[in-house]
Structures are given as structure tokens and as C-alpha cells.
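To start, the structure itself, in C-alpha cells.
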Amino acid sequence: MWRLGEFDTVVVTINAFPTANAGADKNLNCTTTSTTIGTASVAGHTYSWSPSNGLSSTLIAQPTASPTATTSYTVTVTNSSTGCTATDVVVVNVNTTPPSANAGRIKFELYNNLSNHRYCGPCRKYLQLVSCQWIERNQYCSTHCDPGTTTNYVVTVTG
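Per the numbering used here, the sequence shown starts with residue 72, numbered consecutively.
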């Protein structure tokens, strides 16, 4: 029973939830095959990522993600002293579809050299020294380019 003038003190501790931040969504492609997800670690917090596929570790704040397909990763952050948790999700998009390439038809152009001999390009200019057939009547090079042996030319498309 309390008497007039008596009092007691009660201390109430409010534990704040930790902040979970998985970071911004990321994009992977044929040339960028891994990325770091998450944010810097905070002392007194533990981290757990799921799913584990494609991750360098599931127990660190910033693992390296290298999934083979688009994956949503969830991080659970736990305050070690209070047990309070928070979660966040990051999506790592994977697009490894190669771009299409089409070399198309070779465009031939007329060149005159110092001897006033005419030859076709780009056979000589771009495709090593090869022979091209000159067609006087139309004053165009033929679309036939003969390197002398079977030759493959490669077009590389990036981006």
C-alpha cells in the first residue's frame, strides 16, 4: 500500500527494430555475371539471406550474388541483444540472351588506284587481300568476293 508522498521508479526500455536494407535491384547479363547485394553491416546485428543459391555467403551483410536466373533474395536482420528482426527483398534480374547479329550483304564500292586499275572494296579494304570481280557494264562491283579459299568472317555484337 502506498502512502502519500511515496513513489517508485519504473524504467521502460523500448527496443527499436533493426533496419533491413537489401539494396537496390540489380541487373546481370552476359558480361556482368555477379553483383554485391545488401548494405554495410551494423555492429550487434546478424544477417541471414535466402534463398542460398548463387550467394557467396548467407550470413554476411553484403554477399556476392551470381544467380543463373532472376532471383528475389530476402535478408533478415536480427538485433543480437533484443532478438528483434526486420526483412527486406532485392531482385537480381538475369538476362543472358545474346543479342542477334546479322552481317548482311557486303557493300562493294569502286576504288581507283594510281595505275588506274579498278578494284572492288571492301574485299581488299576490309577482308584482307582477296579478288573481286569487276563488272564494266554496270560500273558496279559484283557481289561475289573470292578470297581464294573458304573463309569465315565474324561479326561480333556487344551490348
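Using N, Cα and C, we set each Cβ at its ideal position, and we do this for glycine too.
DSSP state of asparagine 92, grouped into three classes? coil
Using the Cα positions of serine 105 and serine 128, report the straight-line distance between them to the nearest angstrom. 13 Å
Going by the beta-carbon positions, is the gap between glycine 138 and glycine 154 smaller than 7 Å? Note that residue 138 is proline in the sequence shown, not glycine. Taking 7 Å as the Cβ cut-off, proline 138 and glycine 154 do not qualify as a contacting pair.
Leucine 198 by DSSP, collapsed to three states: which one? For leucine 198, the predicted model reports a pLDDT of 40, less than 50, meaning its position is unreliable; a value from the coordinates is still stated below. Correct three-state label for leucine 198: coil.
In the DSSP assignment, what residue or residues form a beta bridge with asparagine 150? His116
Hey, quick one: how far does the beta strand (DSSP E) through cysteine 87 stretch, first residue to last? Sequence check: residue 87 is alanine here, not cysteine. That residue, alanine 87, is in no beta strand (DSSP E); it is neither H nor E in DSSP.
Please confirm if the stretch 98–115 is in contact with the stretch 79–86, defined as three or more CB-CB distances below 8 Å between the two stretches. no
Cβ-based neighbour list, threonine 167, same chain, cut-off 7 Å, excluding 5 preceding and 5 following: Asn100, Cys101
Where does threonine 102 fall in DSSP's three states? coil
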